[in-house]
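Colleague: In order, the protein sequences belong to chains W and S. To convert a position in the first sequence, counted from 1, into my numbering, add 9. To convert a position in the second sequence, counted from 1, into my numbering, add 24.
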Amino acid sequence: MATKEFKAPEMLRTGDPTGFCPGCGHGTVGRLGFEVLDEMGLLEKSISVYDVACDSLYMWAIDTDCVGTAHGRAIATAAGVKRVRKDCPVWAYVGDGASYSIGFQHTVWSAVRNENITVVIINNGVFGMTGGQMAPTTLIGQKTTSSPAGRRADVNGYPMDITKILTGQDIAYLARGSIDTVANINKTKKYIRKAFEKQMNNEGFSLVEVLAPCPTNWGLSPHDSLERIRNEVMEVFPIGEYIERGVK
Amino acid sequence: MADNEVIMKGNEALAEAAIRSGCRFFSGYPITPQTEILEYMSWRMEEAGGEAIQTEDELCGAYMLFGAAAAGARALSTSAGPGFSLYQEAISYLVGSDLPAVLVDVSRIGNALGDISQSQGDYELIRKGNGHGDTMVIALTPASVQEIVDDVQLAYELAEKYLHPVIILYDAAIGQMMEGVTLPEMSEHDINKFDWSVKGIEKGQHGRKITNVSYFCDNMYVGYEKYLRDKYKAITDNEQRWENVEVADAEVVCVAYGISSRVCKEAVRNARAEGIKLGLIRLKTITPFPVKAFEEIGPDCKGIEVVEMSIKGQMVDDVALATKCNIPIYGYLTSYLVPDSEKVIEVAKDILAGKAEEVL
Ligand SMILES: Cc1ncc(C[n+]2csc(CCOP(=O)(O)OP(=O)(O)O)c2C)c(N)n1
Ligand code: SF4
Ligand SMILES: [Mg+2]
């Protein structure tokens, strides 16, 4: 039987353990980013920028240049880094609270200015780091610590879908992936690769949102969390490629 | 006339001096009375091969500055009043991450929106604000267009010496006034000159982490407490800057900075001609506060006259501490009006005649 060996990039193995909760989506999604950079021969040259939320745990796990900035400001910070370091692949790896709530203006405006950076956003539907409060992506009816009776459209509005907000915007790339199955993990990796390729071709802003579990704050097992993504989250947030410059 | 000898508006001179000091990243957002800096940078920075960005707001501007500084560039963000309030969190992050950067506040009148005319109401914001968590910056207070130009170069040197943000604070009057200046020669800053800045690693090197410095200190806050206190002490000991004018024998000593200090200089000259022993301590830094300047005050001093365009009299506490509360403090306080040199002398006369009221 043919076997395939999955190996994390060397520089991810030399750092500290991440400390993510068991079954956390960050462990897969961030690693995909580092694998892509490694396979493209760009990992050493790369600069990653983190929020203060759970994503920032990668800062100590990956042995490359990293910047940790304020909550919601990783995309703006990454744009600042890239403007003066045009030869480096620069990416912001951030949560959905950071990029769709407190720092939403930077998500939209980096797209409007077509900043030549790559943004990978973890859509886990909650504020993970602070204990599972409602996020812009929390589904209607979903119980969180700050929507104990479930999110209500009349009070909290509807879940925010970045693919709708950036519809028609002249950016390099926009896609949404998921890590609920191996097939979708592989697809997501292709999206992330495309995003970095666009940046290296100086095509401008690329964003990949990834549906990922936060089992701790969902109150579900890692296995059931993946089921939930498949059965509930993907209904509201369909995966696929949404914008690709030059492709109709 | 040499190319470097020009007549320029304060705000434009600041922008040109920054570029000539090797600044290659600028972010700004329109707000009077500093908008000329953004407008000047919008054509001039490209000529110099750098990046000038009009951001969606001051938050983005401050964090793009943070990123550019983390990458080793000489970076600048400028604003005024309400916009500078929005910089506060980022200034705390610059302090906490040991990042050198220069920010400018061209102060305008009033809380809330206020208005666009000159004022010195941001003293405490710059001297004692700077965001959450035991922050302190280095703050320079130029009083002329030439001093703005000189302070820009100095600001980058200090920022890089201490790995710390430096704020240049001046009021709308100086920002808008045109004066003859000598500009520095054009210079380039080597973006790769710092080991600590992010630039991508070479094979075998370890990754650099720009984040809270406390994370790297022994026992986190045990070590950081000492680290930051030592840094603040070094700044306080070494970077006090001031200009004393006829202080030693003065019976009344004015304390002022920026536009107010220029008026006081004229007042000292005229008062002395009348036989009144008036002196001036002009603050060229407000952080660190130039306590050493007050050592020159002689035994004949009957009172201090704080001359400040501030409703509260924001400098008064610092002056009281610098004089160890040993000298009565009086004020000639305005808000949007530039103080008048004759009035400075009148207040001094009242102090000497025992007719003035102490502000503390
Ligand atoms: C200005 C500011 N407001 C609030 C916080 C607290 N805070 C830290 S992380 C976070 C939410 C993180 O959620 P998300 O961005 O979705 O990341 P996740 O942990 O879910 O991956 C919040 C509110 C902060 N650090 N700074
Ligand atoms: S709280 Fe959620 S997002 Fe954060 S590490 Fe745990 S599982 Fe992951
Ligand atoms: Mg989240």
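Even for Gly, the Cβ is constructed at its ideal location relative to N, Cα and C.
(1) Please determine, among W/Glu206, W/Asn193, W/Val38, the residue with the shortest C-alpha to C-alpha distance to W/Gly50.
(2) Verify the CB distance criterion: does W/His115 have a CB-CB separation below 8 Å to chain S?
(3) Are the region 171–181 of chain S and the region 234–251 of chain W touching, with three or more C-beta to C-beta distances below 8 Å?
(4) Give a yes or no on whether 8 Å exceeds the smallest Cβ distance from W/Cys75 to chain S.
(5) Just the C-alpha distance for W/Gly249 and W/Asp170, rounded to the nearest angstrom, thanks.
(6) What does S/Phe240 pair with, by DSSP beta-bridge criteria?
(7) State the DSSP-derived secondary structure class of W/Val76, mapped to helix, strand or coil.
(8) Quick one: is W/Phe136 buried, meaning 16 or more other Cβ sit within 10 Å of its Cβ, or exposed?
(9) Just verifying my parser: in three-state terms, what is the DSSP assignment at W/Leu21?
(10) Return no unless some Cβ of chain S is closer than 8 Å to the Cβ of W/Asp170.
(11) Report the three-state DSSP secondary structure of S/Trp67 (helix, strand or coil).
(12) Going along chain W in order, which residues have a C-beta closer than 8 Å to the C-beta of S/His230?
(13) Rounded C-beta distance between S/Val161 and S/Leu38? I'm assuming under 8 Å.
(14) Does DSSP put W/Glu244 in a helix, in a strand, or in coil?
(15) Here's the rule I'm using: 16 or more other beta-carbon atoms within 10 Å means buried, otherwise exposed. How should S/Lys230 be labelled?
(16) If we require 3 or more residues per run, which beta strand (DSSP E) segments fall completely within the region 202–238 of chain W?
(17) Within the region 66–124 of chain S, note down every full beta strand (DSSP E) run reaching 3 residues or more, in order along the chain.
(18) Where does S/Asp158 sit, in a helix, a strand or coil, going by DSSP?
(19) Report the residues of the region 63–78 of chain S with a CB closer than 9 Å to any CB of chain W, ordered along the chain.
(20) Going by DSSP in three states, W/Met68 sits in which element: helix, strand or coil?
(21) Smallest Cα separation from W/Asp189: which of W/His35, W/Tyr251, W/Thr116, W/Glu253?
(22) Under 8 Å, Cβ to Cβ, is there at least one residue of chain S near W/Trp118?
(23) Using 8 Å as the threshold, is the region 78–89 of chain W in touch with the region 178–187 of chain W, meaning 3 or more CB pairs across them?
(24) Under 8 Å, Cβ to Cβ, is there at least one residue of chain W near S/Val222?
(25) Give the range of the beta strand (DSSP E) segment to which W/Trp100 is assigned.
(26) Would you say W/Cys97 faces chain S, with C-beta separation under 8 Å as the test?
(27) Here's a check: name, in chain order, each residue in its chain whose Cβ is nearer than 8 Å to the Cβ of S/Ser109, leaving out the five neighbours to either side.
(28) Using a Cβ cut-off of 9 Å, pull out every chain S residue sitting near W/Met138, in sequence order please.
(29) Quick one: what's got a C-beta closer than 8 Å to W/Ala11's C-beta in the same chain, skipping five residues either side?
Modeller: Put simply:
(1) W/Glu206
(2) yes
(3) no
(4) yes
(5) 13 Å
(6) Answer is none; S/Phe240 lacks a bridge partner.
(7) strand
(8) buried
(9) helix
(10) no
(11) helix
(12) Asp72
(13) At roughly 17 Å, the Cβ-Cβ gap does not stay under 8 Å, so S/Val161 and S/Leu38 are not in contact.
(14) helix
(15) The amino acid occupying residue 230 of chain S in the given sequence is His; Lys does not appear at that position. Exposed is the call here.
(16) 215–220
(17) 75–78, 98–103
(18) coil
(19) Gly74, Glu75, Ile77
(20) helix
(21) W/His35
(22) yes
(23) no
(24) yes
(25) 99–104
(26) yes
(27) Leu149
(28) By Cβ distance, chain S contributes nothing, its closest Cβ being about 15 Å from W/Met138, past 9 Å.
(29) none
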